Amino acid sequence: MVEKKILLGWSGGLRLRPAGAICEKAMEYRCRSELLIGDECYNLRSVLSVLRAQANSRKDALLRCDGTDESDAVFALQELLEKV
């Protein structure tokens, strides 16, 4: 399991198209990908789960990936989550 603290770059909240891009990127990897914000955990492989996060920009989060390609997934998802 790999965990990385990140600062979300979502300006004005998260909309459907960026949420879809995040989900598509997570689906490129075989590992389990989650975003933890406060006490809540969101599955990055599900658009509805990502939208449910309702996080605004400049919010701290924890990106967690667990599986065979977890290191690659954390790197790619971090880059996307911090700039969306």
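The opening position of the sequence shown corresponds to residue 230 in my numbering, with each subsequent residue numbered one higher. Built from N, CA and C at the ideal position, the CB exists for glycine as well. Nothing here was measured: the structure is a model prediction, and the numbers come from that model.
Three-way DSSP call (helix, strand, coil) for residue i in this model
i	result
C294	strand
S262	strand
L237	coil
E269	strand
E311	helix
Distance between beta carbons of residue j and residue i, contact taken as under 8 Å
i	j	result
I251	V279	5 Å
C260	C294	5 Å
A255	L273	4 Å
Chain D within 8 Å of residue i, Cβ atoms only
i	result
T297	Chain labels in this structure do not include chain D; a single protein chain is all it has.
Closest Cα partner of residue i within the set the options
i	options	result
L245	E257, R281, K312, L291	R281
Euclidean distance between Cα positions of residue i and residue j
i	j	result
M230	G238	24 Å
L277	L265	15 Å
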